[in-house]
Amino acid sequence: MIYIFNAILGGVIYYIHYINTIEKEKVYAKVNAVLIAIFIWCCIGSIGSLISNI
1 MIYIFNAILG
11 GVIYYIHYIN
21 TIEKEKVYAK
31 VNAVLIAIFI
41 WCCIGSIGSL
51 ISNI
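Heads up: the sequence shown runs through residues 1 to 54, numbered per the UniProt record's numbering.
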């Protein structure tokens, strides 16, 4: 269940990052850095929970 949640959350966060990149606003630079960090954390969490479930 956690794996699915992390996958969805990661997808939403990456989508927001993609939209911000298209806008190319300087204001979003720090926001994107945080979003990518959370996205990577979600990926690691998904992989970790998937491995632990096996």
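Even for Gly, the Cβ is constructed at its ideal location relative to N, Cα and C.
Nothing here was measured: the structure is a model prediction, and the numbers come from that model.
Between L35 and I8, the C-beta gap is not smaller than 8 Å, which leaves the two residues out of contact. The beta-carbon distance between Y18 and S49, rounded to whole angstroms, is 25 Å. This is too long to meet the 8 Å contact definition.
The beta carbons of G11 and S46 sit no closer together than 8 Å. Its chain contains no residue whose beta carbon lies nearer than 6 Å to that of I51 once the 5 sequence neighbours on both sides are disregarded. Around the beta carbon of N6, a 10 Å sphere encloses 16 or more other beta carbons of the protein chains shown; the residue is thus reported as buried.
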